[in-house]
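To start, the structure under review is shown below, and the notes come after it.
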Amino acid sequence: MTIISNDPTWWPTINANILSSYFIIASFIVVTYDWVLIFGQEVELVWRQRWSLMTVLYLAVRYLGIFFAALNILGMSP
Numbered sequence: 016m017t018i019i020s021n022d023p024t025w026w027p028t029i030n031a032n033i034l035s036s037y038f039i040i041a042s043f044i045v046v047t048y049d050w051v052l053i054f055g056q057e058v059e060l061v062w063r064q065r066w067s068l069m070t071v072l073y074l075a076v077r078y079l080g081i082f083f084a085a086l087n088i089l090g091m092s093p
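In this text, residue positions in the sequence shown follow the numbering used here: the first is 16, and each later residue adds one.
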């Protein structure tokens, strides 16, 4: 059973959480949009070149960041 409180002392906390969730969604959209725009260049310059430690680090940072952002969004959904 859900308990609903109309206590005004919670309103700033609720507003901060809503604002925070908006920023998380907006940042995920911007990162995904950047990934879509640059994917062609990434394939040409990174994926088709000889693999090195820097290639692996670049890909790990790039794709793990998108993955954890998606997990963060899924984690905050009810």
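A virtual CB, placed ideally from N, CA and C, is assigned to each residue, including glycine. Please read all numbers here as calculations on a predicted model, not as lab measurements.
- Residue 91 carries a coil assignment under DSSP once its states are collapsed to helix, strand and coil.
- Within the segment 18-84, no run of beta strand (DSSP E) reaches 3 residues while sitting entirely inside it.
- Your pair residue 81 and residue 46 checks out as a contact, with CB atoms roughly 6 Å apart and the cut at 8 Å.
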